[in-house]
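Asks: This is the structure I want to talk about, given as structure tokens.
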Amino acid sequence: MNKILMSGNNVIGEAAIRAGCRFYAGYPITPQNELTEYMAEHMRNAEGGVFIQSESEVAAINMIAGAAAAGVRVMTSSSGPGISLKQEGISSMAAQELPGIIVNIMRGGPGLGNILPSQGDYFQATRGGGHGDYRTIVFAPGSCQELADLTMDAFDLADKYRTPAMILADGMMGQMMEPVIFKKPKPRQYPEKFMLRGAGSGKSKFIRGLLLDPVDSEAHNWKLARKYEVISENETRCEEHRIDDAKLVIVAYGTAARIAKGAIKRLRSHDMKIGLFRPITLWPFPEMRLRTLSEKVNNFLVFEMSTGQMLEDVRLALQGYADIEFHGRPGGAVPTPAELANVIARVYEQKD
Amino acid sequence: MAKIVFKHPESLKENIFHYCPGCGHSIVHRLVAEVIDEMGIRGVTIGVPPAGCAVLAYNYFDVDMIEALHGRGPAMATAIKRCLPDRLVFSYQGDGDLAAIGIAESFHAANRGENISVIFINNAVYGMTGGQMAPTTMLNQRSTTTPAGRKQAVDGYPVKVSEIFSQLDGATYVERCAVSSPAGVNKTKKAIRKAFQCQMAGLGFSLVEVLSLCPTNWKLSSVDSCKYIDEVMSKVFPPGVYKDQTGQSGKTAEARP
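Those sequence lines, one after another, are chains A and B.
Numbered per the working numbering, the first sequence spans residues 10 to 361.
Numbered per the working numbering, the second sequence spans residues 4 to 260.
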């Protein structure tokens with residue numbers, strides 16, 4: 010397997026095509042345009058590949074829902090404002106149990122915000138985002154290699170659980186270049202009975218999201234809830250970095266975790282015992298693992314490029330068993346590892 | 004042996020329609036099902052019902068169906084057709100679905116020349132939600148949200164879908180019909196067949212607008228509703244073939260790149 014030097018947005022596109030994605034619809038928005046362009050260029054060489062530049066993000070999400078129903082692996086991508094527009098469609102895909110990948114290359118918000126890297130869409134991604142009782146599997150890659158691996162895994166999980174999954178990265182992850190090795194994708198496991206391809210000579214099928222009868226509707230909601238429970242039990246992922254002797258553990262994901270690693274390296278050279286807990290799935294959040302960690306670590310510092318969103322999940326996970334500090338940089342501000350190291354050092358010295 | 008001259012279409016389930024007495028949906032459903040039967044395409048047809056009165060169309064059509072979000076039928080149909088080019092894919096839409104919330108999806112599906120068919124039910128009112136103004140509500144027509152009648156100054160003009168869509172280069176076949184008379188019903192069926200044939204021949208986007216009855220929200224009897232279509236609606240929305248390039252060589256069944 011050769012290493013290939015690629016930018017994050019292109020890595021997602023290449024991983025998707027290798028994973029068998031054969032339908033992509035999207036609408037340009039910075040900072041994810043390279044992904045849309047990559048799919049335009051490379052979908053034409055993939056057998057059966059369809060690329061559509063849709064008239065809007067709303068159309069794009071409904072297109073991938075249609076293609077998913079037709080039994081094809083599908084993906085769409087956007088950034089904050091466009092992801093907001095897709096929410097009704099994501100909710101509908103969850104309701105209709107259609108697998109598909111939604112990539113959010115986050116930018117500064119709220120509103121149009123700016124086009125710089127940010128992590129302000131955590132709530133939107135992890136709480137469902139659209140209306141109704143549903144969840145979306147959310148992956149938070151921390152490197153180009155993970156963009157490749159997790160994009161492939163996201164397709165498998167979306168199929169396995171028949172639910173939309175999201176890749177939540179940011180403008181930094183999308184634009185930066187790193188060497189990547191693409192793993193061999195697993196063969197797709199998705200039964201034909203869930204595909205809508207014409208009844209042939211058999212019984213016709215329908216896929217619906219409107220359940221007027223409250224008995225049906227409640228049963229459907231509980232069915233979805235049970236599925237989300239299974240996902241929560243089986244699919245959490247996280248990375249623990251230098252936590253064995255840590256007195257203070259930083260909790261950060263994605264780009265923020267990369268910055269934190271740089272800061273920790275500096276501080277470790279000054280004998281400060283600092284580690285990192287990095288959730289790789291944001292939903293399901295690796296709650297139990299973090300709670301277990303609080304048996305030996307009393308101090309946590311949550312660092313996010315937002316005003317504090319994952320912070321709530323960390324509080325829920327730790328349930329008051331440990332002290333939690335927070336450092337946030339919202340709106341497209343990205344600190345250097347040196348800046349973050351200063352913040353961490355202050356907290357560490359207070360606790361020490 | 005007796006010859007069967009009339010029977011329940013095979014592509015229509017036996018379920019009793021939930022539509023109001025006199026509603027045009029029941030007629031158009033039957034016509035679509037008859038055309039599917041006659042063309043022998045039940046097994047390869049995929050329908051996309053809308054949000055609106057016809058949201059439960061999958062209870063009636065015995066073909067594969069997926070319910071679209073409000074207005075997004077043509078986006079969904081586009082994707083299904085692109086993935087399964089040898090299937091017949093139609094979206095079934097009301098006036099709010101096509102001409103208000105879903106105008107962008109409908110317009111661009113037509114403009115791209117997607118090889119799908121749209122059955123567009125125009126009854127000049129929002130039926131399912133109880134009689135509010137539709138984009139096709141006519142000037143001075145009363146609705147629950149235009150209690151003094153639709154006024155151009157605040158509500159604008161009725162949207163003329165067939166006129167607009169026929170202007171798009173991507174559209175191959177656009178016809179407006181009315182199901183207010185037996186002759187109109189026959190014409191509508193012919194138009195639906197032509198639209199489906201256009202698609203099966205790979206000729207591109209087809210749209211059949213059907214002026215349809217809504218006695219409940221018009222607060223008219225069924226008979227008066229038919230008269231209303233003939234005497235009032237047809238003046239604003241004249242039936243006719245707005246575009247027919249099915250015979251032209253310019254539109255070919257060329258495979259997409």
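Glycine is no exception: its CB is placed at the ideal position from the N, C-alpha and C atoms.
Keep in mind that this is a model prediction, so the values were computed, not measured.
(1) Report yes or no: is there a C-beta of chain B within less than 9 Å of the C-beta of E64 (chain A)?
(2) Could you name the residues that DSSP lists as bridge partners for C247 (chain A)?
(3) In the DSSP assignment, find the beta strand (DSSP E) that holds I122 (chain B) and state where it starts and stops.
(4) Judging by CA-CA distance, which residue of A:L320, A:I353, A:I124 is the nearest neighbour of M181 (chain A)?
(5) May I have the straight-line CA-CA distance separating N189 (chain B) from R179 (chain B), to the nearest angstrom?
(6) So the candidates are B:V128, B:G187, B:I195; which of them puts its Cα closest to the Cα of T242 (chain B)?
(7) Can you list, in chain order, the stretches of the beta strand (DSSP E) that have 3 or more residues and sit fully within the stretch 189–269 of chain A?
(8) So what's I38 (chain A) in DSSP terms, helix, strand or just coil?
(9) Residues in the same chain with beta-carbon distance under 6 Å from V83 (chain A), minus the five sequence neighbours each way, listed in chain order, please.
(10) For V112 (chain A) and I44 (chain B), I'd like the C-alpha separation in whole angstroms.
(11) Hey, how far is the Cα of A347 (chain A) from the Cα of K270 (chain A)?
(12) So with CB distances below 7 Å, who are the chain B contacts of K214 (chain A)?
(13) Run through DSSP, which three-state label would K305 (chain A) get?
(14) At least one CB of chain A closer than 9 Å to the CB of Y129 (chain B): is that the case?
(15) Who are the Cβ neighbours of P260 (chain B) in its own chain at under 6 Å, not counting the five residues just before and after it?
(16) For N351 (chain A), which of helix, strand or coil comes out of DSSP?
(17) For N71 (chain A), which beta-bridge partners are listed by DSSP?
(18) Would the beta-carbon of S86 (chain A) be found less than 8 Å away from any heavy atom of the ligand MN?
(19) Pick helix, strand or coil for A258 (chain B), following the three-state DSSP scheme.
(20) Are the CB atoms of S88 (chain A) and I114 (chain A) within a distance shorter than 9 Å?
(21) Going by beta carbon distance, what residues of the same chain come within less than 6 Å of H336 (chain A), once the five residues before and after it are set aside?
(22) Using a beta-carbon distance cut-off of less than 8 Å, what residues from the stretch 190–206 of chain A approach chain B?
(23) I30 (chain B) and T191 (chain B): beta carbons closer than 9 Å?
(24) Using a Cβ-Cβ cutoff of less than 8 Å, which residues in the same chain neighbour Q105 (chain A) once the five nearest sequence positions on both sides are dropped?
(25) Am I right that L349 (chain A) and A272 (chain A) are in contact with their C-beta atoms under 8 Å? What's the rounded C-beta distance?
(26) In three-state terms, what does DSSP make of Y131 (chain A)?
(27) Starting from K95 (chain A) and walking both ways along the alpha helix (DSSP H), at which residues does that stretch end?
(28) Tell me, please, whether the stretch 188–204 of chain A touches the stretch 19–33 of chain A by the rule of three or more beta-carbon pairs shorter than 8 Å.
(29) CB-CB under 6 Å to A57 (chain B), same chain, minus the five flanking residues each way: which ones, in chain order?
(30) Listed in chain order, which residues of the stretch 37–61 of chain B have Cβ atoms closer than 7 Å to some Cβ of chain A?
(31) At least one CB of chain B closer than 9 Å to the CB of I61 (chain A): is that the case?
(32) Could you check what DSSP says for K246 (chain B) in three-state terms: helix, strand or coil?
(33) If we define contact as Cβ-Cβ less than 9 Å, is V224 (chain A) a contact residue for chain B?
(34) Taking the C-alpha atoms as reference points, what is the distance between E364 (chain A) and R145 (chain B)?
Replies: For this structure:
(1) yes
(2) A:P288
(3) 120–125
(4) A:I124
(5) 13 Å
(6) Checking the sequence shown, residue 242 (chain B) turns out to be Pro, not Thr. Nearest C-alpha to P242 (chain B): B:G187.
(7) 247–250, 257–260
(8) coil
(9) F32, I73, A76, A77, G109
(10) 37 Å
(11) 11 Å
(12) D67
(13) coil
(14) no
(15) For P260 (chain B), the predicted structure reports a pLDDT of 40, less than 50, and the residue's modelled location is therefore unreliable. The matter cannot be settled from this model.
(16) helix
(17) In the DSSP output, where bridge partners are listed per residue, N71 (chain A) has none listed.
(18) In the structure shown, the ligand MN is absent, as is every other ligand, since no ligand is present at all.
(19) Confidence at A258 (chain B) is low in this model, with a pLDDT of 44, below 50, so its placement is unreliable and the value that follows should be read with caution. Three-state DSSP puts A258 (chain B) in coil, outside helix and strand.
(20) yes
(21) F312, V352
(22) L205, R206
(23) yes
(24) A74, A78, I216, R217, G218
(25) 4 Å
(26) helix
(27) 89–105
(28) yes
(29) H28, Y95
(30) R45, G46, V47, T48, I49, V58, Y61
(31) yes
(32) strand
(33) no
(34) Residue 364 (chain A) lies beyond the residue range present for chain A, which begins at 10 and ends at 361; the question has no answer from this structure.
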